[in-house]
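Residues in the sequence shown are numbered from 1438 upward in steps of one, following my numbering.
Ideal Cβ placement from N, Cα and C applies to all residues, glycine included.
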Amino acid sequence: MSVIAKCRKEDPFAYEKFDRDIWTYVNSPQNLQSESLVVAKERAIELINSVLPKFTNSTLHFCGSTRNGCGLADADVDLCWAIPIRVEVESDVPYPMADQ
(Lines of atoms letter the chains of each structure in order from A and count residues from 1; the text may use other names and numbers.)
(Lines give C-alpha, C1' and ligand atoms only; values in the text may rest on other atoms or scores of the structure.)
Protein backbone atom coordinates (compact mmCIF):
# COMPACT_ATOMS: atom_id res chain seq x y z
CA MET A 1 0.00 0.00 0.00
CA SER A 2 1.38 3.41 -0.90
CA VAL A 3 2.10 5.98 1.78
CA ILE A 4 -0.69 8.24 0.53
CA ALA A 5 -3.20 5.39 0.38
CA LYS A 6 -2.28 4.50 3.96
CA CYS A 7 -2.71 8.11 5.12
CA ARG A 8 -6.04 8.37 3.29
CA LYS A 9 -7.23 5.25 5.07
CA GLU A 10 -6.11 6.56 8.47
CA ASP A 11 -7.72 10.00 8.07
CA PRO A 12 -10.24 9.96 5.21
CA PHE A 13 -11.97 13.20 6.26
CA ALA A 14 -8.76 15.23 6.06
CA TYR A 15 -8.08 13.93 2.56
CA GLU A 16 -11.66 14.54 1.43
CA LYS A 17 -11.26 18.17 2.50
CA PHE A 18 -7.85 18.32 0.81
CA ASP A 19 -9.33 16.95 -2.43
CA ARG A 20 -12.22 19.46 -2.28
CA ASP A 21 -9.82 22.35 -1.63
CA ILE A 22 -7.67 21.40 -4.62
CA TRP A 23 -10.75 21.05 -6.84
CA THR A 24 -12.04 24.46 -5.68
CA TYR A 25 -8.66 26.10 -6.31
CA VAL A 26 -8.21 24.60 -9.76
CA ASN A 27 -11.72 25.52 -10.87
CA SER A 28 -11.80 29.04 -9.46
CA PRO A 29 -12.27 31.69 -12.19
CA GLN A 30 -8.93 33.40 -11.50
CA ASN A 31 -7.05 30.13 -12.15
CA LEU A 32 -8.73 29.01 -15.36
CA GLN A 33 -6.99 29.85 -18.62
CA SER A 34 -8.97 32.26 -20.74
CA GLU A 35 -9.48 31.60 -24.43
CA SER A 36 -7.38 34.68 -25.20
CA LEU A 37 -4.48 33.27 -23.14
CA VAL A 38 -4.62 29.96 -24.99
CA VAL A 39 -4.69 31.84 -28.32
CA ALA A 40 -1.67 33.92 -27.21
CA LYS A 41 0.22 30.73 -26.33
CA GLU A 42 -0.64 29.24 -29.72
CA ARG A 43 0.61 32.41 -31.43
CA ALA A 44 3.85 32.22 -29.43
CA ILE A 45 4.32 28.65 -30.63
CA GLU A 46 3.82 29.78 -34.23
CA LEU A 47 6.53 32.41 -33.73
CA ILE A 48 8.89 29.87 -32.15
CA ASN A 49 8.25 27.46 -35.01
CA SER A 50 9.06 30.18 -37.54
CA VAL A 51 12.59 30.61 -36.16
CA LEU A 52 13.47 26.97 -35.47
CA PRO A 53 15.97 25.40 -37.83
CA LYS A 54 14.15 23.50 -40.56
CA PHE A 55 14.58 19.75 -40.64
CA THR A 56 12.73 17.63 -43.20
CA ASN A 57 9.37 16.52 -41.77
CA SER A 58 10.08 18.01 -38.34
CA THR A 59 7.06 19.20 -36.39
CA LEU A 60 6.48 21.30 -33.29
CA HIS A 61 3.68 20.05 -31.06
CA PHE A 62 1.77 21.95 -28.40
CA CYS A 63 1.04 19.48 -25.59
CA GLY A 64 0.56 19.19 -21.84
CA SER A 65 -1.99 20.72 -19.51
CA THR A 66 -2.71 23.79 -21.62
CA ARG A 67 -3.60 21.61 -24.59
CA ASN A 68 -5.73 19.12 -22.69
CA GLY A 69 -7.65 21.81 -20.82
CA CYS A 70 -6.21 21.10 -17.37
CA GLY A 71 -3.82 24.04 -17.34
CA LEU A 72 -4.10 26.87 -14.85
CA ALA A 73 -3.84 30.55 -15.76
CA ASP A 74 -0.15 30.63 -14.82
CA ALA A 75 0.71 27.30 -16.48
CA ASP A 76 3.74 26.99 -18.69
CA VAL A 77 3.62 25.71 -22.26
CA ASP A 78 4.87 22.22 -23.01
CA LEU A 79 6.33 21.75 -26.47
CA CYS A 80 7.59 18.68 -28.28
CA TRP A 81 9.86 19.23 -31.26
CA ALA A 82 9.81 15.99 -33.24
CA ILE A 83 12.71 15.54 -35.63
CA PRO A 84 12.62 12.29 -37.61
CA ILE A 85 15.91 10.44 -37.80
CA ARG A 86 17.16 7.90 -40.29
CA VAL A 87 18.27 4.68 -38.67
CA GLU A 88 20.74 2.32 -40.32
CA VAL A 89 20.18 -0.61 -37.97
CA GLU A 90 16.78 -1.33 -36.40
CA SER A 91 18.36 -2.04 -33.01
CA ASP A 92 19.75 1.51 -32.95
CA VAL A 93 16.25 2.87 -32.34
CA PRO A 94 15.89 3.69 -28.63
CA TYR A 95 12.09 3.57 -28.86
CA PRO A 96 9.58 2.40 -31.48
CA MET A 97 9.68 4.69 -34.50
CA ALA A 98 7.65 2.45 -36.81
CA ASP A 99 4.52 4.57 -36.47
CA GLN A 100 6.29 7.85 -37.15
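Buried or exposed (CB count within 10 angstroms, at least 16 for buried), residue i
i: Gly-1508; result: buried
i: Thr-1503; result: buried
i: Asn-1505; result: exposed
i: Ala-1535; result: With a pLDDT of 49 at Ala-1535, under the threshold of 50, the modelled position of that residue is not reliable, and no figure is offered here.
Limits of the alpha helix (DSSP H) - the one that residue i falls within
i: Phe-1455; result: 1449–1463
Bounding residues of the beta strand (DSSP E) (the contiguous stretch that carries residue i)
i: Leu-1516; result: 1515–1519
Supposed close pair residue i, residue j - CB separation, criterion 8 Å
i: Ser-1495; j: Ile-1459; result: Going by Cβ atoms, the distance from Ser-1495 to Ile-1459 rounds to 38 Å, so no, they are not a contact pair.
i: Leu-1484; j: Trp-1518; result: Leu-1484 to Trp-1518, Cβ: 14 Å. No contact.
i: Phe-1499; j: Val-1514; result: 7 Å
| said: Report the start-end ranges of each beta strand (DSSP E) in the region 1469–1506 that is 3 residues or longer and not cut off at the edges. | reply: 1496–1500
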